[in-house]
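Colleague:
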Amino acid sequence: MSQKILQINLKFTGISRTELEQAWLPAAQPIADTPGLQWKVWLVNEAEHAAGGIYLFDDEASVQGFLASPIVTAMGDNPTLSDVGVKMFDVMEAHTVITRGPMREGVRV
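Counted the way my numbering counts, the sequence shown spans residues 46 to 154.
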């Protein structure tokens, strides 16, 4: 079983950063409760109207389950969001541990 990083990037228009943060705050706990999710880092670049997240999942099945969830599909229905990009990566675990990446307990190097 190989951990996976999920990267989601998007553009936001018609709302401020503050409005975006307020709108997304109720989604934080349901995302935290996603099966197989270890953590998420929320991203925003107000100057470029860009936002997104970096997620660490236990495995690809967990990523696919999250991508099929109502939380993610709702992004496509939101008129203030556009240019949604999704990429999945394998984690180079040994390298990440050396550089103090936030890996779960029990990773073997």
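Ideal placement from N, C-alpha and C gives every residue a C-beta, glycine not left out.
Given a threshold of 16 other Cβ atoms within 10 Å of its Cβ, counted over all protein chains shown, does Q48 qualify as buried or as exposed?
Modeller: Buried.
Colleague: Give the DSSP-derived three-state secondary structure of S127 in the structure shown.
Modeller: DSSP places S127 in strand when its eight states are reduced to three.
Colleague: By the 10 Å Cβ neighbour count, where 16 or more other Cβ atoms means buried, how is T144 classified, buried or exposed?
Modeller: Burial call: exposed.
Colleague: If I measure Cβ to Cβ from G151 and keep anything under 7 Å in the same chain, skipping five residues before and after, which residues do I get?
Modeller: Since pLDDT at G151 reaches only 47, below the 50 mark, its modelled position is unreliable, and the value read off the structure follows with that caveat. So the list is empty, once near-sequence residues are dropped.
Colleague: Which whole-angstrom value describes the C-beta separation of V142 and M148, a residue pair presumed to lie in contact below a C-beta threshold of 8 Å?
Modeller: With 8 Å as the limit, V142 and M148 qualify as a contact, their Cβ atoms being about 6 Å apart.
Colleague: I need the straight-line Cα distance from V131 to V117, nearest angstrom please.
Modeller: Computed Cα separation, rounded: 11 Å.
Colleague: In three-state terms, what does DSSP make of W133?
Modeller: According to the sequence shown, residue 133 is Met rather than Trp. In this structure, M133 counts as strand in the three-state DSSP scheme.
Colleague: Could you give the DSSP three-state label for G98: helix, strand or coil?
Modeller: Strand.
Colleague: If you reduce the DSSP assignment to three classes, tell me which class I76 lands in.
Modeller: DSSP places I76 in helix when its eight states are reduced to three.
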